[in-house]
Each structure stands twice: as C-alpha cells, then as structure tokens.
Amino acid sequence: MHQNTLQTFTKTKNPNSIFFSTVSLNILKSPILFLVLCLVNPFPSVEQRASATPFTKTLHNLRGIRKGQEANGVGTLRSYLSHLGYQINKQSSSNNNFDENVESALKHYQEFHHLHTSGVVDDQTIRTMSLPRCGLPDITTIANPNPNPNDLSSAPQNYTYFPGNPRWSKFSLTYRHSSSARVSISMNEVRQAMRNAFETWGENNSFSFTETSGSSDMVYGFHRGFHFDLNPFDGQNGVLAHAYAPEDGRLHFDGAERWTTTGSGIDFQTVGLHEIGHILGLGHSNVSDAVMAPTYTEIRRSLTQDDRDGLNNLYGFYN
Ligand SMILES: [Zn+2]
Ligand SMILES: [Zn+2]
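Here you go:
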C-alpha cells in the first residue's frame, strides 16, 4: 500500500514520451548507480566549455543536421541520447544516419530541457548539451501504469524517483568523508559545505544527518578517472559527480573539477546538494530551477518546491 503512495512520475505532454528505455544503462542496474552532476559554473562561457570536450566539438560539427542526413558524429549523438535515457534504437555508434529515431529522441531531449523541439541540432541544443551536467540519465523512471488515485499531490509533479522507488528505511543517517584524490579547496570548506547541504535536505522533515569518522550510512569523497566503480570520471567539465540510490550511500565527486566554495569555479555545495538528493532517492526533475535538474548553470543552495514535494512524497512527509 505504501508503495503505491510513492508512485509519482514526470508528466509530459505526451505520456508515451516517458517510456524511455533506461534498463540498458549500466548505472541503473542493481545496485542502482546514479551519476549526478550538477553544474554550476557560471564563469567559463558556454563557448569555452564547448571547446573543452570532444563531444562538444562533435556537436559543433553536427550543427544544423536534420532527419534524412548523414554525418560523422551522429552515432556519437545517438549514444549520448541513449545514455541519458531517451528511447532510441540500439545501433552501432558508427551508424551516422540521422534517421527519424534520432530525431524523435532529440525532440524528447529538447522537450525535457525546455528547448524548441525542432528535432534539429540547433545552436540552442548545442549550448545545452555542452553544459556540465549530471552524469545520470535525464529519464530514470518508467511511467506508473496504475497511478494511485489517493495520491495527495494534485499539483503537476516533475520530480522523479529511481526505478522501484528505493528509499531509506530510517531517518537518522550518518556520513563521512573518504577521498582518493586531492582538490584545491580545504577539507574545512568541504565539510562545511556538505554540512550545509545535508541540513538543507533535513529542513522541516524527519531526517537528521550526522558526520562521523567511523562506519557510516553514506560516504562522500573526491576521485579521478577510474575509481573502482563502473563510472570513471571524465576530467574537467562533463560529469561533475555521481551518487548511488538508496540505500547504497556512495557519493563521488570528480576530483578534476575546479571546485570552489566561494563562487569562482564549480560550487561544491550546489553539486553536493544535488547529489544528496539522489542519495535520498530522487531522480532528475525537468523543472529548470530545481536542485534536481540535471543541468545547472548557477549556484543553487536551497531547495525548490518541486524538490521538497519529491522528498515529501517519497517518504510520506505531509505537513
Ligand atoms: Zn543528477
Ligand atoms: Zn564513482
């Protein structure tokens, strides 16, 4: 019965559009891994970011491409959209035909990110795809075929959960730091930012978060490249961090990023806040200014109503 109350999913204009194939994603296999990336670097321009990765270079080469055309890099775009959870035929990344399947997936991407749904690799799309973002898929849930009519939430819901709606079975949680990589910000700054982020998620609900040095429910830290899970980091920009769904508790930050707590670089607290949302069981939201939005271009250190609604509905915190 309780499980039913947890069933809430992203609403879209086209109900079918939320049936994205996510099961093929390694990160969604059990234990579910959520790559989270929050992007928050307001300083480098989009153009600077766009030149920072091979993928953004590929995107620029694809500018203007549309259905029926063929070009090197379409296969890469296909893989990218598939990785983010958009339904697309499984084909080799060497298939460079921009067919209607690619167009459809691209339109869904554009819809999720509130872009013009042109189905064309236009400038707006290139700009959005070039932003640092969560490594987790945009689409992580499967539509609930039997929505609970007693769901207390009548407002549009854009927050999502992991498949199966995993959540913590207790509200008093502990966390500790453990890194394999060094970063330029001090541990005092890191610890304070994490403390702030946990407190933000614990406002007005039953959760309490306590830092410890011993065994803990959650472990966060900085790592670079391959770090003994299935999701190696990609260096500066691109994926900033990732975390696992309940009750795993692992939260990894990419040690290659320019982390900061003062605004010049990638705001650590903003990314931490986003990742903790995943650790607590939230997926990505398509509400642009939500903490749980997969891409983010500014410092965000407080929750939006959508974030609070998502947590409250998952755990039954109704005020
Ligand atoms: Zn995320
Ligand atoms: Zn990791």
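Residue numbers (our numbering): 96 to 414. Even glycine gets a Cβ: it sits at the ideal position worked out from N, Cα and C.
| task | Give a single yes or no on whether His337 has its beta carbon closer than 7 Å to a heavy atom of ligand 2. | result | Stepping through the sequence shown from its first residue, residue 337 is reached at position 242. His337: yes, Cβ under 7 Å from ligand 2.
| said: Let me check understanding here. Comparing Cα to Cα, which of Val386, Arg395 and Trp296 lies closest to Thr357? | reply: Position 262 of the sequence shown holds residue 357. Comparing Cα-Cα distances from Thr357 to each of Val386, Arg395 and Trp296, the minimum goes to Arg395.
| Cα-Cα separation between Ser279 and Asp329, rounded to whole angstroms | On the sequence shown, position 184 is the one that residue 279 refers to. On the sequence shown, position 234 is the one that residue 329 refers to. If I take the Cα positions, the gap works out to 18 Å.
| query | In chain order, what residues of the same chain lie with their CB nearer than 7 Å to the CB of Ser397, ignoring the 5 residues before and after it? | reply | For the purposes of this step, residue 397 is identified with residue 302 of the sequence shown, where counting begins at 1. The answer, listed in chain order, is Thr295.
| Does the beta-carbon distance from Pro70 to His373 come in below 8 Å? | The first residue shown for the chain is 96 and the last is 414, placing residue 70 beyond what the model contains.
| query | With 16 other CB atoms within 10 Å as the buried threshold, where does His369 fall? | reply | Numbered from 1 along the sequence shown, position 274 holds the residue referred to as residue 369. Under this definition His369 is a buried residue.
| request: Look at the Cβ atom of Lys162, then the Cβ atom of Gly214, and state whether they are nearer than 8 Å. | output: Position 67 of the sequence shown, counting from 1, holds the residue named residue 162. Position 119 of the sequence shown, counting from 1, holds the residue named residue 214. For Lys162 and Gly214, yes; Cβs fall inside 8 Å.
| By Cβ distance below 7 Å, which residues in the same chain neighbour Arg345 in space, the five residues on each side in sequence not counted? | As a position in the sequence shown, residue 345 is number 250, starting the count at 1. So the list reads Val314, Ala338 and Tyr339, once near-sequence residues are dropped.
| In chain order, what residues of the same chain lie with their CB nearer than 7 Å to the CB of Thr212, ignoring the 5 residues before and after it? | Position 117 of the sequence shown holds residue 212. Lys202, Gln205 and Glu206.
| Contacts around Gly170, its chain only, beta-carbon distance under 6 Å, and the 5 residues preceding and following it disregarded | In the sequence shown, the residue the question calls residue 170 occupies position 75. So the list reads Ser188, Ser189, Asn190 and Asn191, once near-sequence residues are dropped.
| task | Answer yes if the stretch 255 to 273 comes into contact with the stretch 396 to 412, meaning at least three C-beta pairs across the two stretches below 8 Å, and no otherwise. | result | Because the criterion of three Cβ pairs below 8 Å is met, the stretch 396 to 412 and the stretch 255 to 273 touch.
| Would you call the CB atoms of Phe317 and Ala292 closer than 8 Å? | Taking the sequence shown and counting its residues from 1, one reaches residue 317 at position 222. Taking the sequence shown and counting its residues from 1, one reaches residue 292 at position 197. No, Cβ-Cβ distance for Phe317 and Ala292 is not below 8 Å.
| For the beta strand (DSSP E) that Tyr315 lies in, which residues bound it at each end? | As a first step, residue 315 is located in the sequence shown; it is residue number 220 there, counting from the start. Secondary structure note for Tyr315: its beta strand (DSSP E) is the uninterrupted segment Met313 to His318.
| field | Beta-bridge pairing of Asp362 - partner residues as DSSP gives them | value | The residue labelled residue 362 in the question sits at position 267 within the sequence shown. Residue pairing from DSSP places Asp362 in a beta bridge opposite Thr355.
| request: Decide if Gln364 is buried, meaning its Cβ has at least 16 other Cβ atoms within 10 Å, or exposed. | output: The residue labelled residue 364 in the question sits at position 269 within the sequence shown. Buried, by the Cβ-count rule.
| Can you list, in chain order, the residues of its chain whose CB lies under 6 Å from that of Ala145, leaving out five sequence neighbours each side? | Taking the sequence shown and counting its residues from 1, one reaches residue 145 at position 50. For Ala145, the pLDDT reaches just 39, beneath the cut-off of 50, and the residue's location in the model is therefore unreliable, although a value from the coordinates is still provided. Here the set comprises Thr151 and Ser225.
| query | Which value, in whole angstroms, describes the spacing of the CA atoms of Ser174 and Gly180? | reply | Sequence index remark: in the sequence shown, residue 174 carries index 79 (1-based). Sequence index remark: in the sequence shown, residue 180 carries index 85 (1-based). Going by the C-alpha atoms only, they are around 10 Å apart.
| request: Could you tell me which residues DSSP puts in a beta bridge with Val334? | output: What you label residue 334 is simply residue 239 of the sequence shown in a count that begins at 1. Arg228, per the DSSP bridge assignment.
| Ser308 versus Gly405, Leu377, Asn253 and Tyr270, residue with shortest Cα-Cα distance | If you number the sequence shown from 1, residue 308 lands on position 213. Of Gly405, Leu377, Asn253 and Tyr270, the residue nearest in Cα terms is Tyr270.
| Per-residue DSSP class, three states only, for Arg396 | Sequence index remark: in the sequence shown, residue 396 carries index 301 (1-based). For Arg396, the secondary structure class from DSSP, reduced to helix, strand or coil, is coil.
| said: Once DSSP output is grouped into helix, strand and coil, what is the label at Arg290? | reply: Within the sequence shown, the letter at position 195 stands for residue 290. In the structure shown, Arg290 sits in a helix (DSSP, three-state: H, G or I).
| Close beta carbons around Arg158, own chain, < 8 Å, minus the five adjacent residues each side | What you label residue 158 is simply residue 63 of the sequence shown in a count that begins at 1. A distance below 8 Å between beta-carbons, with the five flanking residues on each side excluded, links Arg158 to the following residues of its chain, in chain order: Val216, Asp217, Asp218 and Ile221.
| task | Going by CA-CA distance only, name the one from Gly168, His322 and Leu268 that's closest to Glu306. | result | The sequence position of residue 306 within the sequence shown is 211, counting from 1. Relative to Glu306, the option among Gly168, His322 and Leu268 whose CA is nearest is Leu268.
| message | Is it buried or exposed, His178, if we count other Cβ atoms within 10 angstroms and call 16 or more buried? | response | Position 83 of the sequence shown, counting from 1, holds the residue named residue 178. So His178 counts as buried.
| task | Measure from the alpha carbon of Trp354 to the alpha carbon of each residue in Asn300, Ile371 and Ala336, then state which is nearest. | result | By one-based count along the sequence shown, residue 354 stands at place 259. Checked all of Asn300, Ile371 and Ala336; the closest Cα to Trp354 is Ala336.
| field | Whole-angstrom distance between Asp384 and His208, CA atom to CA atom | value | Taking the first residue of the sequence shown as 1, we reach residue 208 at position 113. Taking the first residue of the sequence shown as 1, we reach residue 384 at position 289. Rounded to whole angstroms, the gap between the alpha carbons of His208 and Asp384 is 11 Å.
| field | Best match in Leu176, Val366 and Asp343 for proximity to Gly350 [C-alpha to C-alpha] | value | As a working mapping, residue 350 is identified with position 255 in the sequence shown. Among Leu176, Val366 and Asp343, the Cα nearest to that of Gly350 belongs to Val366.
| request: Please find out if some non-hydrogen atom of ligand 1 comes closer than 7 Å to the beta-carbon of Pro389. | output: Translated into positions along the sequence shown, residue 389 becomes position 294. Checking every heavy atom of ligand 1 against the Cβ of Pro389, one is found closer than 7 Å.
| field | Among Asp401, Arg290 and Asn332, nearest to Cys229 - alpha-carbon criterion | value | Residue numbering aside, residue 229 sits at position 134 when the sequence shown is read from its first letter. Closest option to Cys229, Cα to Cα, is Asn332.
| request: May I ask you to report which of helix, strand or coil DSSP gives Asn192? | output: Residue 192 sits at position 97 when you count from the first residue of the sequence shown. In this structure, Asn192 counts as strand in the three-state DSSP scheme.
| message | Bridge partners for His211 per DSSP, in chain order? | response | As a first step, residue 211 must be located in the sequence shown, where it is residue number 116. In the DSSP secondary-structure assignment, His211 is not bridged to any residue.
| query | Distance, Cα to Cα, Asn253 vs Met387? | reply | Counted from its first residue, the sequence shown places residue 253 at position 158. Counted from its first residue, the sequence shown places residue 387 at position 292. A straight-line Cα-Cα distance of about 10 Å links Asn253 and Met387.
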